[in-house]
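Peer 1: Counting in full-length UniProt numbering, the sequence shown runs from 1 upward without gaps.
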Amino acid sequence: MAGSHHLQQEVPRLQQKLFFVFIFAVVCASLYFFLSGFCDSSLMDTAKYLRQTSKLLPLTQLFQRKNATVEKTVTDFGLSTSSLIRSPGVPGAHIDNVGKDWAATRRLPQAIIIGVKKGGTRALLEFLRLHPDIRALGSEPHFFDRHYSRGLNWYRTVNLSGRTALLMLRSMMPRALEGQVVLEKTPRYFVTAESPGRIHTMSKEVKLIVVVRDPVTRAISDYTQIVSKTPGVPTFETLTFRNGTESELEVDTLWSPISIGLYALHLERWLAYFPLEQIHFVHGERLVSDPAGEVGRVQEFLGLQKIITDKHFYFNKTKGFPCLKKPEGSSKPHCLGQTKGRPHANIHPQVIHRLHQFYQPHNLRFYQMTGQDFGW
């Protein structure tokens with residue numbers, strides 16, 4: 001009887017334990033199917049997305065397109081992707097290729113090569129592009145002389161469709177990381193009366209670079225380029241002197257190849273907006289004879305480490321011009337185009353002598369304004 005009574009007491013306890021085990025098993029099973037279904041769904045969606053997209057783009061471009069979508073979204077709201085990438089906990093904030101794409105933004109230039117035409121601006125730009133902390137626009141945007149009416153939004157972007165000037169179709173300025181210098185070149189700015197004020201409106205701190213050379217040889221080089229593009233142009237002597245001959249030797253200062261060389265006259269307009277220490281003058285002749293030295297001074301002016309040195313250059317005796325041993329994006333030596341270093345037109349020595357006399361007072365004034373003697 002005692003054993004039977006004890007068994008009757010144990011049955012309810014056993015039933016209670018079995019009930020709790022059953023409930024626990026049901027909960028675990030439900031949780032398992034829920035989680036496995038969620039993961040499978042996510043993986044299937046992701047795999048489906050990758051399969052669809054990989055038909056059009058490789059994986060690296062896939063990341064770039066996703067980054068571009070994010071960048072467009074934050075740009076539409078007036079934000080900066082660089083501020084997002086620096087925020088703690090944001091995916092991609094670590095330094096890798098995808099992270100760099102996220103952090104790189106398009107912004108207005110911090111430095112501009114404003115002149116002068118046929119002074120060596122293209123050579124300087126190509127040399128500077130060797131520097132990893134310089135992001136330079138290859139073409140000349142001509143914003144502050146020709147396209148200013150389109151506004152700064154156009155300056156940031158180019159409209160390729162022609163439908164709306166401010167459509168964000170393609171960025172004009174190159175992407176740059178924080179700490180990199182965005183640079184553009186348009187030599188016509190130096191001689192355009194409106195450019196100093198317009199650039200000052202964009203940025204009061206922008207750094208300006210002017211490549212200058214002997215105004216006489218610069219004018220002859222300018223004329224040589226004109227002749228190469230426009231056959232049948234009158235002689236240099238005819239265009240240089242107002243009466244068409246060198247008898248009275250009255251120089252036509254309205255002719256562009258002559259007027260560009262009046263450096264002091266043009267510099268006055270820039271000094272009305274920018275202090276002299278914000279303008280760096282590159283010696284055009286030394287850019288040929290000592291490219292590393294001139295480029296080194298530009299790097300210092302821009303506040304960059306001197307990375308471009310003598311080891312990056314070699315002198316091409318055929319062209320009489322320095323060339324790059326390893327230009328940007330290439331492992332092969334590179335010289336500038338065929339138009340660089342081409343023979344100048346033959347000018348009568350008397351004309352050259354008269355032009356040196358004409359430019360002498362203007363050159364001396366330019367030396368006084370810049371505090372540099374260029375030796376012309």
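Each residue gets a CB set at the ideal place from its N, CA and C atoms; glycine is no exception.
Please name the residue, chosen from Val212, Leu265 and Pro322, that lies closest to Ala292 on a Cα-to-Cα basis.
Peer 2: As a position in the sequence shown, residue 292 is number 292, starting the count at 1. Checked all of Val212, Leu265 and Pro322; the closest Cα to Ala292 is Pro322.
Peer 1: Since Val116 and Val211 should fall inside the 8 Å C-beta cutoff, what is the C-beta to C-beta distance between them, to a whole number of angstroms?
Peer 2: Along the sequence shown, read from residue 1 onward, the residue named residue 116 stands at position 116. Along the sequence shown, read from residue 1 onward, the residue named residue 211 stands at position 211. About 6 Å separates the two Cβ atoms, so the contact holds.
Peer 1: Can Tyr148 and Arg107 be called in contact, C-beta distance under 7 Å?
Peer 2: Counting from one through the sequence shown, the residue named residue 148 turns up at place 148. Counting from one through the sequence shown, the residue named residue 107 turns up at place 107. Contact flag unset, no.
Peer 1: What is the residue span of the alpha helix (DSSP H) that Pro322 lies within?
Peer 2: Here residue 322 corresponds to residue number 322 of the sequence shown, with the count starting at 1. Careful: Pro322 lies outside any alpha helix (DSSP H), inside the beta strand (DSSP E) at Phe321 to Leu324.
Peer 1: What three-state label does DSSP hand Leu208 in the structure shown?
Peer 2: Here the question's residue 208 lines up with position 208 in the sequence shown. Strand at Leu208.
Peer 1: DSSP on Tyr367, reduced to helix/strand/coil?
Peer 2: As a first step, residue 367 must be located in the sequence shown, where it is residue number 367. Note: Tyr367 maps to helix in three-state DSSP.
Peer 1: Buried or exposed: Phe236, going by 16 or more other Cβ atoms within 10 Å of its Cβ?
Peer 2: By one-based count along the sequence shown, residue 236 stands at place 236. Burial call: buried.
Peer 1: Among the residues of its own chain, which have a CB less than 7 Å from the CB of Ser221, if the five just before and after it don't count?
Peer 2: For the purposes of this step, residue 221 is identified with residue 221 of the sequence shown, where counting begins at 1. Lys118 and His344, listed in sequence order.
Peer 1: Would you mind sorting His348 into buried or exposed? The rule is 16 or more other CB atoms within 10 Å of its CB.
Peer 2: As a working mapping, residue 348 is identified with position 348 in the sequence shown. Exposed.
Peer 1: To which residues does DSSP link Ala103 through a beta bridge?
Peer 2: As a working mapping, residue 103 is identified with position 103 in the sequence shown. Answer is none; Ala103 lacks a bridge partner.
Peer 1: Which one or two residues does DSSP pair with Ala176 in a beta bridge?
Peer 2: To locate residue 176, count along the sequence shown from 1; it is residue 176. Answer by DSSP bridge pairing, in chain order: Thr105.
Peer 1: Kindly indicate which residue of Gly320, Glu277 and Asn316 has the alpha-carbon position closest to the one of residue 394.
Peer 2: It is not possible to answer for residue 394, since the shown part of the chain is limited to 1 through 376.
Peer 1: Contact defined as beta carbons within less than 8 Å: I believe Tyr367 pairs with Phe374. What is the distance between those atoms, to the nearest angstrom?
Peer 2: Within the sequence shown, the letter at position 367 stands for residue 367. Within the sequence shown, the letter at position 374 stands for residue 374. So it is a contact: roughly 7 Å between Cβ atoms.
Peer 1: Taking the Cβ atom as the reference point for each residue, do Lys207 and Leu125 lie within a distance shorter than 7 Å?
Peer 2: Taking the first residue of the sequence shown as 1, we reach residue 207 at position 207. Taking the first residue of the sequence shown as 1, we reach residue 125 at position 125. Against a cut-off of 7 Å, the Cβ pair of Leu125 and Lys207 comes out as no contact.
Peer 1: Would you mind working out which of Ile112, Asp214, Glu250 and Val233 sits nearest Arg188, comparing C-alpha positions?
Peer 2: Start at 1 with the first residue of the sequence shown, and residue 188 comes out as number 188. For Arg188, the nearest C-alpha among the options comes from Ile112.
Peer 1: Pick out the complete alpha helix (DSSP H) segments inside the segment 228 to 304, 4 residues or longer, and give them in chain order.
Peer 2: 236 to 240, 256 to 259, 263 to 271, 284 to 289 and 291 to 301, all fully within the segment 228 to 304.
Peer 1: For Ala111, which beta-bridge partners are listed by DSSP?
Peer 2: Looking up residue 111 in the sequence shown gives position 111. Beta-bridge pairing links Ala111 to Leu183 and Lys207.
Peer 1: Could you please give me the residues that DSSP links to His147 through a beta bridge?
Peer 2: The sequence position of residue 147 within the sequence shown is 147, counting from 1. Looking at the DSSP assignment, His147 forms no beta bridge with any residue, so it has no partner.
Peer 1: By DSSP, does Ala123 sit in helix, in strand, or in coil?
Peer 2: Position 123 of the sequence shown, counting from 1, holds the residue named residue 123. It is helical.
Peer 1: Is the CB of Asp133 under 7 Å away from at least one CB in chain D?
Peer 2: Of the protein chains in this structure there is only one, and it is not chain D.
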